[in-house]
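A.B. asks: Protein sequences, first through last, are from chains P and C. Following my numbering, the residues of the first sequence are numbered contiguously, the last one being 828. Following my numbering, the residues of the second sequence are numbered contiguously, the last one being 157. Sharing a structure, written as C-alpha cells. Questions coming.
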Amino acid sequence: MEFLPENIAFGILAASAVLAALRVVTTPNVVHAALYLVIVLSSIGASFLLLAAEFVAIVQVLVYVGAIVVLFLFGVMLTRAKMGDDPDLDNPRKGPAALTALFLAGILAYALVDFFQDDKLPSLKGTSEAAITASRGTGAVGDSIFSTYLVPFEVVSVLLLAALVGAIVLARRD
Amino acid sequence: MLVNQFLLLGAALFCIGVYGVLARKNGVLVLMSIELILNAVNINMVALGANLQGDAAITGQVFALFVITVAAAEVGVGLAIILLIYRNRQSVDLDEVDLMKG
C-alpha cells in the first residue's frame, strides 16, 4: 500500500478508533468509557469524510457525539454509577467472551480478505467537484431520501415518535 | 484506498463490540458496546456504498442515516429500561436480571 495522504489519515483514524474501542470495553470507569466512546465515534465520523460522505459524517457527530453520549452520561448519573474505578463492571466469563470475539474476527477477516482482496474504491480523482457533489453530496442524499426512500423515511419518523413515547412511559414514576 | 481497509476496520469494531456485550455486566456499558456494533455496520454501509458506481453510490449513505436514527431510538428506550431495572433492584447488574431464565 502506498503512503498516500488519505491512507495515512485512515491509519491514524483506524488506530485511534480501535484503541479507544478497546478501552471502552475494558476500562473500569463508566464515565471514562463514555468519553472513550466519543473518540471512537468522532474517528468513525472522520473516516466517513475520507469516503466523501460529508452529510453522514456531520450527522454522526451531531447525533452520536452530541446526543447519544450525553444520553449515556445521563444514564450513568441516574443509575448512580460509582465515581472512580469500579472493579465490578465485568462478569466472570471474560475468557469465553474474548474467545468468541477473536473467533468472529478471524472468520470475518478471512471472508473479507478472500472476497475483496485488493479491490480499490473507485477513484474520484479527475472527477470535477460539481460532479462529485451531484452524485454523492448532501443534496444527492436529500433527493434520495425524499424520493426513492420516502416511505422508509416516514416509517423511521414514526419509529422515533414511538421510541420517544415509549421511553417517557417506561421512565416516568407512577 | 482499498475497500477492505474500511471493511476490516468495521469488522474489528464489530468484534470489540461483541466482546463488550458478552463481558460487561453493567447495563449502560452493554448499551455502549451495542453502539460500537451499530457503528461498525455504518462503516460497512458507507464503504460499500462508495464502492458502487453512478446513482447507486448514494444508497449506502442513506441507509447509514437510517441506522443512526434507529440507534438513537434504541438508546432512548434501552436507557429507559436500564433506569427501570435500577429503580426496581437498586443495581444495573444484568447478571442479576434472570427472572426469565428457565
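Cβ atoms here follow ideal geometry from the backbone N, Cα and C, with glycine treated the same way.
(1) Answer with yes or no whether the minimum CB distance from P:A816 to chain C is below 9 Å.
(2) If you follow the alpha helix (DSSP H) that P:R827 is part of, which residue opens it and which one closes it?
(3) Going straight from the alpha carbon of C:G72 to that of C:E90, what length do you get?
(4) Quick check: what's the CA-CA separation for P:D744 versus C:D110?
(5) Just mark C:R79 as buried or exposed, buried being the case when its beta carbon has 16 or more other beta carbons within 10 Å.
(6) Across which residues does DSSP place P:P774 in a beta bridge pair?
(7) Closest Cβ-Cβ distance between C:K80 and chain P: below 9 Å?
(8) Tell me where the alpha helix (DSSP H) around C:G104 begins and ends.
(9) Mind listing which residues of the region 85-96 of chain C have their C-beta closer than 9 Å to chain P's C-betas, in chain order?
(10) Going by DSSP, what residue range makes up the alpha helix (DSSP H) through P:L676?
(11) Which chain P residues are close to C:L57, counting only those with a beta carbon under 8 Å from its beta carbon?
(12) Are P:Q714 and P:I693 close, meaning C-beta to C-beta below 9 Å?
C.D. replies: So, from the data block:
(1) yes
(2) Here P:R827 belongs to no alpha helix (DSSP H), and DSSP marks it neither H nor E.
(3) 8 Å
(4) 46 Å
(5) buried
(6) It should be noted that the sequence gives Lys, not Pro, for residue 774 of chain P. P:K774 pairs with C:L57.
(7) yes
(8) G82 to A105
(9) L86, M87, S88, E90, L91, N94 and A95
(10) P659 to T680
(11) M655, F770, D772, D773, K774 and L775
(12) no
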